[in-house]
Amino acid sequence: MRVLNLVTNKDAQFFRAQVQELERRGVDLTTLSVPGRNRSESIDADEDGKRSILDYAKFYPSVLANSLDDYDLIHANYGLTAPMAVAQPTLPVVLSLWGSDLMGRYGPVTQQFARFCDEVIVMSEGMAEIYDGECLVIPHGVDLSVFRPMDQSTAREELGWPDEERIVLFPYPPKRDVKNYPRAERVVDSARDRVDADVSLRTATGVPHHRMPYYLNAADAMLMTSRREGSPNTVKEAMACNLPVVSTDVGDVRTRLSPVEPSAVSDDDAALADALAEILGESERSDGREYADAIALERMGERIVGVYEDVIDE
Numbered sequence: 001m002r003v004l005n006l007v008t009n010k011d012a013q014f015f016r017a018q019v020q021e022l023e024r025r026g027v028d029l030t031t032l033s034v035p036g037r038n039r040s041e042s043i044d045a046d047e048d049g050k051r052s053i054l055d056y057a058k059f060y061p062s063v064l065a066n067s068l069d070d071y072d073l074i075h076a077n078y079g080l081t082a083p084m085a086v087a088q089p090t091l092p093v094v095l096s097l098w099g100s101d102l103m104g105r106y107g108p109v110t111q112q113f114a115r116f117c118d119e120v121i122v123m124s125e126g127m128a129e130i131y132d133g134e135c136l137v138i139p140h141g142v143d144l145s146v147f148r149p150m151d152q153s154t155a156r157e158e159l160g161w162p163d164e165e166r167i168v169l170f171p172y173p174p175k176r177d178v179k180n181y182p183r184a185e186r187v188v189d190s191a192r193d194r195v196d197a198d199v200s201l202r203t204a205t206g207v208p209h210h211r212m213p214y215y216l217n218a219a220d221a222m223l224m225t226s227r228r229e230g231s232p233n234t235v236k237e238a239m240a241c242n243l244p245v246v247s248t249d250v251g252d253v254r255t256r257l258s259p260v261e262p263s264a265v266s267d268d269d270a271a272l273a274d275a276l277a278e279i280l281g282e283s284e285r286s287d288g289r290e291y292a293d294a295i296a297l298e299r300m301g302e303r304i305v306g307v308y309e310d311v312i313d314e
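Residue numbers (UniProt numbering): 1 to 314.
Laid out in structure tokens, this is it:
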């Protein structure tokens, strides 16, 4: 099976993991990336904010030329690649929506062109409710061999973090507006006075993905205050490492965390602070790993290959 991938950000870690898993399953993949500089290369992993219409116009000849080769289908990743995918005349199209392409300012463009695709994949049930049409929910998966529990002292020693602090991890660069770092600061400030230990809020900026398990195992809790999400991999990675998560009610986070203890999901700052203070006070790991099979990278790969086969057979 030969698949032509279209993507706005080929370096997004969840996309790279998807490619590796599909190749492991025998899919022959070629990836074309939209020319120009994506804002995701410096700030946001799922929003395209620097490219112009001309960049996308330049992309189409490459898509068209490659579509005439011996491929079985096109997999368009992120809604803004859909117009180029459906404009070529020969191949069926699978479209994967990542979150902001449906829920952000480009949502109308995504909705308009997605209806011409043969199959649409979204990351969460919440996205499925927003999408105006039939779709499949297949969230990005997590490599459970990489994201796994380890001794907290060992992880802190690796990062140079002090053992005596209670550390809250904010897993994004503070400048990403959609992640709402100022709210995270307010929540931590509110929780700090109720914890009988020093509490610090630390971020993960420019961290190689293979190093993230150290951060997730070294922290005492992860705090996510995003304004919107699809199916955030950071939450699933935290689950796989047994790191307690406190989060706003976005994307599929409530569904993922509903069986996990301790964890908390709320849109109320006071409730978030209360939950964070309790978790930091108890200083215990979660049981998220017990529910990690549902978010395994292998399961995602199996389902996507099934979609490919169904589309090709139609």
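Ideal placement from N, C-alpha and C gives every residue a C-beta, glycine not left out.
Source: prediction; values computed, not measured.
Nearest to residue i by CA position, among the options, is which residue?
i: Ser-153; options: Ser-62, Asp-220, Ser-266; result: Asp-220
i: Asp-293; options: Ala-264, Glu-282, Pro-139, His-209; result: Pro-139
i: Val-27; options: Glu-158, Ser-200, His-75, Asp-177; result: His-75
i: Thr-255; options: Val-34, Arg-156, Val-235, Phe-15; result: Val-235
i: Ala-204; options: Pro-173, Leu-95, Ala-155, Gly-281; result: Pro-173
i: Leu-157; options: Tyr-215, Ala-191, Val-142, Arg-183; result: Per the sequence shown, the amino acid found at residue 157 is Glu instead of Leu. Of the candidates Tyr-215, Ala-191, Val-142, Arg-183, the one whose C-alpha sits nearest the C-alpha of Glu-157 is Tyr-215.
i: Leu-29; options: Gly-36, Pro-35, Gln-20; result: Gln-20
i: Val-260; options: Met-239, Asp-274, Ile-167; result: Met-239
i: Arg-24; options: Leu-297, Val-63, Ser-62; result: Leu-297
i: Arg-289; options: Gly-107, Arg-148, Ile-312; result: Arg-148
i: Gly-230; options: Ile-130, Val-168, Pro-92, Val-93; result: Ile-130
i: Asn-77; options: Pro-171, Ser-190, Arg-16; result: Arg-16
Does residue i pass the burial test, meaning 16 or more other C-beta atoms within 10 Å, or should it be called exposed?
i: Gly-133; result: exposed
i: Gln-112; result: exposed
i: Asp-193; result: exposed
i: Ser-52; result: exposed
i: Val-179; result: One point to set straight first is that residue 179 is Lys, not Val, in the sequence displayed. The residue is buried, with at least 16 neighbouring Cβ atoms inside 10 Å.
i: Pro-213; result: buried
i: Glu-309; result: exposed
i: Phe-116; result: exposed
i: Val-7; result: buried
i: Ser-283; result: exposed
i: Pro-171; result: buried
i: Leu-95; result: buried
Since residue i is in the alpha helix (DSSP H), which residue starts that stretch and which ends it?
i: Asn-217; result: 212-218
i: Leu-276; result: 269-282
i: Arg-2; result: Looking at the DSSP string, Arg-2 is not in any alpha helix (DSSP H); the run it does join, the beta strand (DSSP E), is 2-7.
Please check the pair residue i and residue j, which I expect to be a contact at CB under 8 Å, by giving their CB distance rounded to whole angstroms.
i: Gly-301; j: Leu-22; result: 6 Å
i: Pro-232; j: Ile-279; result: At roughly 19 Å, the Cβ-Cβ gap does not stay under 8 Å, so Pro-232 and Ile-279 are not in contact.
i: Ala-218; j: Leu-276; result: Between Leu-276 and Ala-218 the Cβ distance is about 17 Å, and since that is not below 8 Å, they are no contact.
i: Ser-124; j: Gly-251; result: 5 Å
i: Arg-186; j: Asp-269; result: 6 Å
i: Thr-110; j: Leu-97; result: 6 Å
i: Pro-35; j: Phe-59; result: 6 Å
How far does the beta strand (DSSP E) with residue i in it reach, from first residue to last?
i: residue 316; result: This structure cannot settle anything about residue 316, because the visible part of the chain is limited to 1 through 314.
Within a Cβ cutoff of 7 Å, which residues of the same chain sit near residue i, ignoring the five residues on either side of it in sequence?
i: Val-265; result: Ser-247, Asp-249, Val-253, Arg-254, Leu-257
i: Asp-70; result: Arg-2
i: Pro-14; result: It should be pointed out that residue 14 corresponds to Phe in this sequence rather than to Pro. Within the same chain, Phe-14 has close Cβ partners His-140, Asn-233.
i: Ile-304; result: Leu-22, Ile-138
i: Ile-43; result: Residue placement at Ile-43 is poorly supported in this model, since its pLDDT is 34, which falls under 50; the coordinates still yield a value, given next. The answer, listed in chain order, is Pro-173, Lys-175, Arg-176.
i: Arg-211; result: none
i: Val-86; result: Val-93, Phe-113, Phe-116, Cys-117
Can you list, in chain order, the residues of its chain whose CB lies under 6 Å from that of residue i, leaving out five sequence neighbours each side?
i: Arg-285; result: Asn-242
i: Leu-4; result: Thr-30, Asn-66, Tyr-71, Ile-74
i: Met-224; result: Ser-247
Please list, in chain order, all residues of the same chain as residue i whose beta carbon is under 8 Å from its beta carbon, the five residues on each side excluded.
i: Glu-164; result: Ala-197, Asp-198
i: Tyr-106; result: Asp-48, Gly-79, Leu-80, Ser-100
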